[in-house]
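Here the structure is laid out as structure tokens; the discussion comes afterwards.
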Amino acid sequence: MAKPEKVKLPKPGELSNIDFKTPATDWMDTPVNFKPGTYAWGAKEKDLLTLGLPNPRQWSPADEDWKLPEGWKTTILDGIAERLSKYRSFKIFMDICVRCGACADKCHFYIGSGDPKNMPVLRAELLRSVYKKYFTKSGKFLGRLAGGRELTEDVLKEWWYYFFQCTECRRCSVFCPYGIDQAEVTIIGRELLNLVGLNIDWIAGPAAACYMKGNHLGLEPHAITGNIETMCDDIEDLTGIRIEPSFNRKGADILFITPSGDLLGDPGIFTNMGYLMLFHELGLNYTWSTYASEGGNFGFFTSNDMAKRLNYKIYAEAKRLGVKWIIGGECGHMWRVLNQYMDTWNGPADFLEVPRSPITGTVFENARSTKMVHITEFTADLIKHNKLKLDPSRNNHLKVTYHDSCNTSRGMGLLEEPRYIIKAACNNFYEMPENTIREKTFCCGSGSGLNASENMEQRMRGGFARANAVKYVKEKHGVNVLANICAVDRAALPALMDYWVGGVDVYGTHELLANALVMTGEKERTTDLRGDDLPGKEGNE
Amino acid sequence: MKVLFSFLTVIVLVLVAAVGSVLNLKFAFGIIIPYLAFVMFVGGFVCRVIKWGRSPVPYRIPTTCGQQKTLPWIKQDKIENPTSALGVIARMAMEILFFRSLFRNLKTEVSEGPNGPKISYGSAKWLWIGSLVFHWSFLIIVIRHLRFFLEPVPGFVRIADALDGMLQIGLPPIYLTDLFFLLAVTFLLVRRFVIPQVRYISLPADFFPLFMIMSIAISGILMRYFYKVDIIAVKELAIGLAQLHPVLPAGIGDIFYVHIFLISVLFAYFPLSKLMHMGGIFLSPTRNMMNNSRIVRHINPWNHAVEVHTYAQYEDEFREKMKKAGIPVEKE
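Quick mapping for you: the protein sequence lines, in order, are chains A and U. Residue numbering for the first sequence is 222 to 762, as defined by our numbering. Residue numbering for the second sequence is 14 to 345, as defined by our numbering.
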């Protein structure tokens, strides 16, 4: 089995030299080029076995033979038929695209690569052409004239290459006159690929870990408590306050769930320290869970069923522990899933109460059914009611801009709450250009399971548009902090910033809050959470 | 090749109608084919919509383009991120009547700046203007044509007719929409040729309707302003068709048969093609749903049970480690 070679990442100057010329050959006649550095490794046999997914085997995308199962073509076509009957979105999106091209230059992968198959319209056409050939009269009779084409192994490989090169960010959908959402097409395309055992390692691995151990990183219970203990040590060093969080505690009012990315590694852990400090200061009666220790959902990048299987744990754990409601941490896809799917999959959450902040008394009417509140909603409410003592000058060494996560903006509309917190916690806040934020925000280029290392070139291409907007505010205002509310952002953006911009660090919103948070009985802080000197406190130590 | 094929198909259709008319197959071209086309259009349209409607919308998946409903002091964008039926209606109306999403369109350009590459986003309203003019002209032209089928002519048709023809240069008055329509359809066609990306994604199925619509417009204009046909006879035929008592008056010029044949073909083709975006836009789940899935539970009709990894299984595997770490367990 040929392991796809891990290639050296080209210099920014080479990647930014983007050729937007269209190929001389029609796209149906232009073969897919599996260029190392642009695709992720194939899913491992053991992970497919763990998840009970079809066709577990040793394989590599670099191989000629992908070891497809017997009858794969029928499996795929049956899979399309089944999904057409299950999803109106799929049917409509296959039928009504007029190929006007409004979506073309809206995709960050197209902007960063110039590859025409990264235009959402054409990426959808990869699947639409097969749909036309086998499921429409015009395609059956007219074939290619009607835009139809045979389903071959090469077509399947092309799907794999491009559907695992879409971050399901939905930016195209904002601009489409019919709201055609390439994320929907990609989701279904990936489901179809999974029917014959085609996934990527960086999705199947975390999904399998999450299924068995409760979180993507595969942290076992004692590792979770251990990591959080270490964070509490750091917080004690910083503030003199000892925090003793509880785990899997029955009788807590609130269950707190965040993506496991916050539990391990820089800079996620600083955001996590922010949660700990905030909840401690409030005296919140809450608990962590080691079983439901993941808010994010890599199942969502596999199939709806898989997403549901992983998401199940959140309500199950809330029920087992007997909490009243749930707070969720900073994460992108987590909130798309929680907002648009969770209650439908695993509800009704009628064993929980409508969330009510014990500190301010605010009832979160907008979470009346799911009983799950986003932490920025919770915190913004606290600040509005003057329940937190904040000293924003402690963040004066930071010039902050805010990156809207794709899923919290386009799948939810969570735009003002994080800004409100950042503005309360920081004196220097600068927006990126209007066409690159809020619902028009650009993806980090590594979402939906693409945050691997072997596809670094594609990630840097995908994040080019985001980075460029950051670079703009860096040059104009001296911005040195890119704040966000997404664990994948925290994992992916540092590499992106280093590559394209330089001198910009990535922060979770609650890290900025915790920097500014004046805690009861704390000692004078001389550094921020990262150990950087606070302004005016240099050399105090 | 794609273009040529579409173009030639339309030419062939024009010739078929012309030859048919010359060979005096007027009964077929004036009555049978229009009826057939009408049945195919209505039947096909209804079938297609029913076919779409038969698939459920299992999840609530609106694309949100504004602030969500949240804390009372944060202003919700009630139209772009609706939680009420009224909001959805307003959102859809903006979309259908004014092409709201297309209005947002931007042009993205990568250029070389002093400190490396620079991406800029310019306003790009041409496609929006072009398609708005195209669709509105089309609608007004269709309304105007009702005067052939209805007697007495309803007020709104007269008004549309009068407004459209207010630019009175000679006789008959020149319809503004005829000009706008032809300009817009030409624009939509030209951009498919000249923008490389759009040319690359275009299929024969994109060129064909444009050529068809263009030829319909041209034949109509020729018929009205240049090779004038007997308008009284046309109305007689149209009313006959509408009242299901078709008559075939003599003396309508051949070009009329070309016009009505092309329209018939377009009507019959409509439900089989991308032109169904007309019906589909109403059903697009990313636009026509409220973003209230945290407030009200949305039901998936096929929501089925899935295999899960339960807490008990988890604890069985990790019990010793949990106990050691001081985490409470269910079973000692």
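We put the CB at the ideal spot given by N, CA and C, even for glycine.
CB contact flag (residue i, residue j, <9 angstroms)
i: A:Ile604; j: A:Thr730; result: no
i: A:Tyr399; j: U:Ser297; result: yes
i: A:Arg320; j: A:Val351; result: no
i: A:Ala673; j: A:Ala302; result: no
i: A:Val417; j: A:Ile239; result: no
i: A:Thr511; j: A:Phe477; result: no
i: A:Gly333; j: A:Gly684; result: yes
i: A:Gly520; j: A:Ser481; result: no
i: U:Ile231; j: A:Ala588; result: no
i: A:Thr622; j: A:Val702; result: yes
i: A:Leu734; j: A:Gly495; result: yes
i: A:Leu305; j: A:Thr523; result: no
The beta strand (DSSP E) enclosing residue i, as first and last residue numbers
i: U:Leu119; result: 119 to 126
i: A:Asn705; result: 702 to 705
i: U:Lys131; result: 129 to 136
i: A:Thr622; result: 621 to 623
Buried or exposed (CB count within 10 angstroms, at least 16 for buried), residue i
i: U:Val59; result: exposed
i: U:Trp315; result: exposed
i: U:Tyr240; result: exposed
i: A:Asn761; result: Caution is warranted here: a pLDDT of 48 is assigned to A:Asn761, below 50, making its placement in the model unreliable, and no coordinate value can be reported.
i: U:Phe40; result: exposed
i: U:Pro85; result: exposed
i: U:Leu216; result: buried
i: U:Trp139; result: exposed
i: A:Glu551; result: buried
i: A:Lys434; result: buried
i: U:Lys15; result: buried
i: U:Arg205; result: buried
i: U:Gly129; result: exposed
Test: residue i CB closer than 9 angstroms to a CB of chain U
i: A:Val700; result: no
i: A:Met653; result: no
i: A:Cys321; result: yes
i: A:Pro466; result: no
i: A:Lys692; result: yes
i: A:Glu762; result: Only weak support is given to the placement of A:Glu762: the predicted model assigns it a pLDDT of 45, under 50, and the question is left unresolved by the model.
i: A:Asn526; result: It should be pointed out that residue 526 of chain A corresponds to Asp in this sequence rather than to Asn. Yes, contact with chain U.
i: A:Ala318; result: Checking the sequence shown, residue 318 of chain A turns out to be Cys, not Ala. So yes, A:Cys318 belongs to the interface.
i: A:Pro569; result: yes
Residues that residue i contacts on chain U, provided the C-beta gap is smaller than 9 angstroms
i: A:Trp566; result: Tyr72, Asn313, Asn316, Val319
i: A:Met718; result: Near A:Met718 there are no residues of chain U at all, since even the closest Cβ is about 14 angstroms away, more than 9 angstroms.
i: A:Trp248; result: Tyr213, Ile214
i: A:Tyr308; result: Ser68, Pro69, Val70, Pro71, Tyr72, Pro298
Residue i: first and last residue of the uninterrupted alpha helix (DSSP H) it sits in
i: A:Asp710; result: 708 to 721
i: A:His595; result: That residue, A:His595, is in no alpha helix (DSSP H); its beta strand (DSSP E) goes 593 to 595.
i: U:Ser97; result: That residue, U:Ser97, is in no alpha helix (DSSP H); it is neither H nor E in DSSP.
i: A:Ser350; result: 341 to 356
i: A:Lys307; result: 293 to 307
i: A:Trp423; result: 422 to 434
i: A:Thr730; result: 730 to 737
Interface flag, residue i vs chain A, CB-CB below 9 angstroms
i: U:Ile294; result: yes
i: U:Gly339; result: yes
i: U:Ile132; result: yes
i: U:His158; result: no
i: U:Glu328; result: yes
i: U:Trp149; result: no
i: U:Ser228; result: no
i: U:Met225; result: no
Within chain A, the residues that residue i reaches when beta carbons sit closer than 8 angstroms
i: U:Thr77; result: Ser630, Arg631, Gly632, Met633, Gly634, Glu660
i: U:Val16; result: Neighbours of U:Val16 on chain A: none; closest Cβ ~12 angstroms, over 8 angstroms.
i: U:Phe40; result: What U:Phe40 touches in chain A: nothing, since even the nearest Cβ is about 29 angstroms away.
Cβ of residue i within 9 angstroms of any chain D Cβ
i: A:Cys397; result: Absent from the structure: chain D. Protein chains present are A and U.
Listed by chain order, chain U residues near residue i by CB distance under 8 angstroms
i: A:Arg615; result: By Cβ distance, chain U contributes nothing, its closest Cβ being about 25 angstroms from A:Arg615, past 8 angstroms.
Proximal residues of chain U, C-beta to C-beta of residue i below 7 angstroms
i: A:Arg680; result: Neighbours of A:Arg680 on chain U: none; closest Cβ ~17 angstroms, over 7 angstroms.
i: A:Tyr772; result: The structure shown does not extend to residue 772 of chain A, since chain A is modelled only from 222 through 762, so no value can be given for it.
i: A:Gln561; result: Tyr72, Arg73, Ile74, Ser306
Contact set between residue i and chain A, taken where Cβ atoms lie within less than 7 angstroms
i: U:Ala218; result: Ala367, Gly368
Neighbouring residues, chain A, relative to residue i (Cβ below 9 angstroms)
i: U:Ser114; result: Ala323, Ser394, Val395, Phe396, Cys397, Pro398, Tyr399, Gly400
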